[in-house]
Amino acid sequence: MTVHPEPASTHRPLGYMPQLDSLRAIAVLGVFAAHFLSHTSIWGVYVNTGDLGVKLFFVLSGFLITSILLSAKDKIHNRRTTRRQVIVNFYLRRYLRLTPAYFLYITLGLFMLPGFSQHFIWFLFYLQNFLFAAKPETFSVYMPHFWTLAIEEQFYLVMPCIVILVPKPWLLPASILLVCAGPLFRILGMVSGFTEFQVALMLPSQFDTLGMGVLLAVLIARFGHDSRRIRTLLRTTVSLGVPGACLAIYSAHVKAWPLGTFVAMNFFLGCTFVWVIWRAAAGFHGIVGRVLEWSPLVYLGRISYGLYVYHFNVHGLLREHLLPRLGLSIPDSELARYALFAAVAIVLASCSWHFFEQPLNRLKDRFPYANPRPQEG
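Per the numbering used here, residue -6 is the first one in the sequence shown, and the count goes up by one each step.
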């Protein structure tokens, strides 16, 4: 019997996927829980919801950015654009989307954080993860949540060159190597004498979560979203990822096998989240689909970047400035505190999005990945 291989699919441009916005919202709400609550646990087991949210962001970023670049790569093949236009405009579009809120925040830090001016240059060039690794004492003082933004910006710097310049047949093995590089880097970092903290702050340490998203985008471009191969692979992946992630979370809670937990955690979380993203990209059905398409949740996902940027200092803003002027104090209830802090963060992020970020973001239409098709006639 002859087995005919599945035909490779032509990559289609990304359409809007509202459920992915909701995943962003869920990720940032997990980060809120880590920063706004004194303790987050499930059935008595400590769960770092902030770490889970960040890793979900990383897998999402890898998937979306690679999908965009693969679509642009097809346009290069069809002679509708050039490598130079795609790479340059990719950087310009990312700059317009990500830097306004970020630069506003670090500029305010010059006036509000004593001593921040000495380290401003690191943040200006998205190198704060190196600052935190070299001087760990600065991490808790100067915008610690921005280490992830440094990771993502460095990732965006290298990905266009990889996706656009690497020949298509090599993208799949390159993606697999990227996933494997994450755990390997963490092992090498630890045996070289660096701390978990220092190793985790480096871009290669996050290659498996970012790479899972890259790999998903490459597989979909090659075989199609509903390919039997992808379905089988991702079902196997999530079957490995969920129990592995649960075991790693429990091991971290009881402080058992710390090196193995540190090395394996990202990988198992990536295995789990890549399946979730694959399903959400096509659209979950039933109650899960209705939740992920609930308009308030989708909206929070749309402004999730601002939520992440602005949320960290909400506690200090309320405690030291706003509430004392109103004769009020921070609520004792964990739930009330979370609701209050989240509400203020949402107001700040919404104002930033509608009046500052979105108007600048519209300028990206001036930098298309491909030239318009010539009109016939």
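Quick reminder that beta carbons are idealized off the backbone N, C-alpha and C, glycines included.
Note that the structure is predicted; figures quoted are calculated from it, not measured.
Let me make sure I understand the geometry here. Which of 237, 283 and 199 has the alpha-carbon closest to that of residue 265? For residue 265, the nearest C-alpha among the options comes from 237.
Residue environment, residue 152, which counts as buried when at least 16 other CB atoms sit within 10 Å: Buried, since its Cβ has 16 or more Cβ neighbours within 10 Å.
Throw me the rounded Cβ distance for the residue 18 and residue 294 pair, which I believe falls under 8 Å. 4 Å
Using a Cβ-Cβ cut-off of 7 Å (strictly less than) and excluding sequence neighbours within five positions of residue 231, which residues of its own chain qualify? 264, 265 and 268
Could you check if residue -3 is buried or exposed, using at least 16 other CB atoms within 10 Å of its CB as the buried criterion? Confidence at residue -3 is low in this model, with a pLDDT of 38, below 50, so its placement is unreliable and no value can be given for it.
So, under 8 Å CB-CB, residue 307 and residue 277 are touching, yes? Tell me the CB distance rounded to an integer number of Å. Not confirmed; about 31 Å, so no contact.
Measure the alpha-carbon distance for residue 54 versus residue 206 and round it to whole angstroms. 7 Å
For the segment 310 to 330 against the segment 43 to 62, are there 3 or more C-beta pairs whose distance is under 8 Å? no
State the CB to CB distance for the pair residue 80 and residue 157, rounded to an integer number of angstroms; the pair is presumed to be in contact (CB under 8 Å). 6 Å
Shortest alpha-carbon distance to residue 82 belongs to which of 149, 249 and 348? 149
What ranges does the alpha helix (DSSP H) occupy inside the segment 294 to 343, keeping only unbroken runs of at least 4 residues that lie completely in it? When DSSP assignments are scanned along the segment 294 to 343, the uninterrupted stretches of alpha helix (DSSP H) that are 4 or more residues long and fall wholly within it turn out to be 297 to 303 and 307 to 310.
Option nearest residue 223 by Cα separation, candidates 109, 166, 194 and 208: 208
For residue 192, which residues from the same chain have a beta carbon less than 7 Å from its beta carbon, with the 5 sequence-adjacent residues on both sides left out? 179, 182, 183 and 198
Where does residue 44 sit, in a helix, a strand or coil, going by DSSP? helix
Roughly how many angstroms separate the alpha carbons of residue 128 and residue 87, rounded to a whole number? 29 Å
Threshold first: 4 residues or longer. Then list the alpha helix (DSSP H) segments lying entirely within the segment 97 to 165, N to C. At a cut-off of 4 residues, the continuous stretches assigned as alpha helix (DSSP H) that sit fully inside the segment 97 to 165 are 113 to 117, 121 to 127 and 140 to 158.
Thinking residue 350 and residue 93 are a contact (beta carbons under 8 Å), I'd like their distance in whole angstroms, please. 5 Å
Can you round the beta-carbon distance between residue 99 and residue 118 to whole angstroms, since I take them to be within the 8 Å contact cut? So it is not a contact: roughly 11 Å between Cβ atoms.
Taking the Cβ atom as the reference point for each residue, do residue 97 and residue 357 lie within a distance shorter than 8 Å? No, they are not a contact pair.
Which of the three DSSP states is assigned to residue 248 in this structure? coil
When burial is assigned at 16 or more other CB atoms within 10 Å of the CB, is residue 362 buried or exposed? buried
So, is residue 273 buried or exposed, given that buried needs 16 or more other C-beta atoms within 10 angstroms? buried
Enclosing alpha helix (DSSP H) for residue 22 [first to last residue]: Following the DSSP letters along the chain, one finds residue 22 inside the alpha helix (DSSP H) bounded by residues 11 to 29.
Cβ of residue 306 less than 8 Å from any chain B Cβ? Absent here is chain B; the protein component of the structure consists of one chain.
Anyone know if the C-beta pair for residue 296 and residue 332 falls short of 8 Å? no
What is the rounded straight-line gap between the Cα of residue 322 and the Cα of residue 292? 29 Å
How would you write the range of the alpha helix (DSSP H) that residue 202 sits in, first residue to last? 200 to 216
Would you kindly work out how many angstroms separate the C-alpha atoms of residue 215 and residue 60, rounded to a whole number? 11 Å
Three-state secondary structure (DSSP) at residue 91? helix
Exposed or buried, what is residue 40 when buried is set at 16 or more other beta-carbons lying within 10 Å of its beta-carbon? By the 10 Å Cβ count, residue 40 comes out buried.
Looking only at its chain, what residues have a beta carbon closer than 7 Å to the beta carbon of residue 364, apart from the 5 residues adjacent to it on each side? 73 and 74
What are the boundary residues of the alpha helix (DSSP H) that residue 73 is part of? Careful: residue 73 lies outside any alpha helix (DSSP H) and carries neither H nor E.
Compare the beta carbon distance of residue 302 and residue 95 with 8 Å and say whether it is the shorter of the two. yes
Of the residues 300, 189, 175 and 315, the one placed nearest residue 14, counting alpha carbons only: 300
Assuming the contact rule is C-beta atoms closer than 8 Å, residue 175 and residue 200 should be a hit. Round their C-beta distance to whole Å, please. 4 Å
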